[in-house]
Amino acid sequence: MTTLNTARHGSATWRLIMTECTLSVRDKVGPLWGIGFPLILLIILGSVPDLREPVDGGGLTYFDLYVPVLILFNLAILATAALPVTLAGYRESGVLRRMRTTPVGPARVLAAQLVANFAVAVVAMVLFLAVARLGFGVGLPQHLAGFVLAWLLAAAALLAIGLLITALAPGRGPATAIGTVLFFPMMFFAGLWIPISQMPPLLRDIAHYTPLGAGMGAFQDAYQGVFPSAWPLLTLAAYAVVCSCVAVRWFRWA
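The opening position of the sequence shown corresponds to residue 928 in this note's numbering, with each subsequent residue numbered one higher.
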């Protein structure tokens, strides 16, 4: 009987995950803004000749630096827009409250949303690397294992931030506002407008303590063929653990 119940719960969870993935595609926030917009930006930047010139006489070009930035852009969109707005909307409309009375339970809704957004992030990361490599000759990370580890920690940190926004925001409107306020500073410290190496010393130091700045540092290490240093990995892990714990503590189902 226990085995049968476990199988039923597993089947229900899988169907819920597939439903959330379908709704995520229909909602267009994750696929359109998280994949489509940065992909178009990647193609545009790759078509600018000046961005294909080596930086300071080195081997890397500005375009090479933008590829990992746009991978982080995808994670930031999912964390500050797709995940919190969807879950806050579920709370606002009473979906989470009603799910508490069903065998599935609201916790599985959270898990399904995390899996759906993680799947979008994986597709985006692979797509960006493939387009950059096949379309513009950008090399893959030389330390692939280090890059994958850094990406997983960055995804965990950003999705944890998304859960924290959900925990603090009473509805879709506040979730959108909080996400917008966080998105632009995080992307600035990821080097979207100014490469981190060219920032003033104070801003460069601050960037190392931000989730996307730490992610960018780890990505750059992996691209240069070395395993990411401990500091950015520990920073990402700290964001993932702390934000998850706070989100669980303050999360409201209704």
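We put the beta carbon where it would ideally sit given N, CA and C, even for glycine.
For residue 988, the three-state DSSP class (helix, strand or coil): To locate residue 988, count along the sequence shown from 1; it is residue 61. In the structure shown, residue 988 adopts extended strand secondary structure according to DSSP, grouped into three states.
C-beta atoms of residue 1010 and residue 1055 nearer than 8 Å: By 1-based counting over the sequence shown, the position of residue 1010 is 83. By 1-based counting over the sequence shown, the position of residue 1055 is 128. It is not a contact, given that the beta carbons lie outside the stated cut-off.
Length-filtered (4 minimum) alpha helix (DSSP H) runs lying within the stretch 968-1028: List check, alpha helix (DSSP H) in window: 989-1004, 1010-1020, 1022-1026.
Cβ shell of residue 1189 (< 7 Å), same chain only, five flanking positions each side left out: In the structure as shown, the chain starts at 928 and stops at 1181, and residue 1189 therefore has no counterpart that could be examined.
Residue nearest to residue 1078 in terms of C-alpha spacing, selected from 1167, 1098, 974, 964: To locate residue 1078, count along the sequence shown from 1; it is residue 151. When each option's Cα is compared against that of residue 1078, the closest is 1167.
Residue range of the unbroken alpha helix (DSSP H) whose run includes residue 963: The count along the sequence shown starts at 1 and reaches residue 963 at position 36. From DSSP, residue 963 is part of no alpha helix (DSSP H); its letter is neither H nor E.
DSSP-derived helix/strand/coil call for residue 1063: Indexing the sequence shown from 1 puts residue 1063 at position 136. Correct three-state label for residue 1063: helix.
Cβ-based neighbour list, residue 1119, same chain, cut-off 6 Å, excluding 5 preceding and 5 following: As a working mapping, residue 1119 is identified with position 192 in the sequence shown. In its chain, beyond the 5 residues on either side, 996 have a beta carbon closer than 6 Å to the beta carbon of residue 1119.
Option in 1064, 1176, 1047, 944 with minimal Cα separation from residue 970: Indexing the sequence shown from 1 puts residue 970 at position 43. Nearest to residue 970 by C-alpha distance, out of 1064, 1176, 1047, 944, is 1064.
Assumed close pair residue 1093, residue 1015 - CB separation to whole angstroms, cut-off 8 Å: Indexing the sequence shown from 1 puts residue 1093 at position 166. Indexing the sequence shown from 1 puts residue 1015 at position 88. Approximately 6 Å separates the beta-carbon atoms of residue 1093 and residue 1015; this is inside 8 Å, confirming the contact.
Where the alpha helix (DSSP H) containing residue 1137 begins and where it ends: Here the question's residue 1137 lines up with position 210 in the sequence shown. Segment: none, residue 1137 is in no alpha helix (DSSP H) and carries neither H nor E.
Nearest-angstrom Cα separation, counted from residue 1029 out to residue 1178: Counted from its first residue, the sequence shown places residue 1178 at position 251. Counted from its first residue, the sequence shown places residue 1029 at position 102. Here the alpha carbons of residue 1029 and residue 1178 stand approximately 19 Å from one another.
Assumed close pair residue 1051, residue 962 - CB separation to whole angstroms, cut-off 8 Å: Sequence index remark: in the sequence shown, residue 1051 carries index 124 (1-based). Sequence index remark: in the sequence shown, residue 962 carries index 35 (1-based). Their Cβ separation, rounded to whole angstroms, is 5 Å, which keeps residue 1051 and residue 962 in contact under 8 Å.
Within 8 Å, strictly: CB atoms of residue 1037 and residue 1142: Counting from one through the sequence shown, the residue named residue 1037 turns up at place 110. Counting from one through the sequence shown, the residue named residue 1142 turns up at place 215. Against a cut-off of 8 Å, the Cβ pair of residue 1142 and residue 1037 comes out as no contact.
Residue range of the alpha helix (DSSP H) that includes residue 1078: Locating residue 1078 in the sequence shown gives position 151, counting from the first residue. Where residue 1078 is concerned, the enclosing alpha helix (DSSP H) stretches over 1071-1095.
DSSP state of residue 1120 mapped onto helix, strand, coil: As a first step, residue 1120 is located in the sequence shown; it is residue number 193 there, counting from the start. In the structure shown, residue 1120 sits in coil (DSSP, three-state: anything other than H, G, I, E or B).
Contacts around residue 1156, its chain only, beta-carbon distance under 7 Å, and the 5 residues preceding and following it disregarded: Position 229 of the sequence shown, counted from the first residue, corresponds to residue 1156. Closer than 7 Å at Cβ, skipping near neighbours: 1148.
Short Cβ contact (8 Å threshold) for residue 1145 with residue 1160: The count along the sequence shown starts at 1 and reaches residue 1145 at position 218. The count along the sequence shown starts at 1 and reaches residue 1160 at position 233. A distance below 8 Å separates the beta carbons of residue 1145 and residue 1160.
8 Å Cβ cutoff met for residue 1047 and residue 1005: Start at 1 with the first residue of the sequence shown, and residue 1047 comes out as number 120. Start at 1 with the first residue of the sequence shown, and residue 1005 comes out as number 78. It is a contact, given that the beta carbons lie within the stated cut-off.
Pairwise C-alpha distance: residue 1117 and residue 1102: Numbered from 1 along the sequence shown, position 175 holds the residue referred to as residue 1102. Numbered from 1 along the sequence shown, position 190 holds the residue referred to as residue 1117. Residue 1117 has its alpha-carbon roughly 22 Å from the corresponding atom of residue 1102.
Backbone CA spacing between residue 1025 and residue 1107 [nearest angstrom]: Locating residue 1025 in the sequence shown gives position 98, where the first residue counts as 1. Locating residue 1107 in the sequence shown gives position 180, where the first residue counts as 1. Straight-line Cα distance between these residues: approximately 29 Å.
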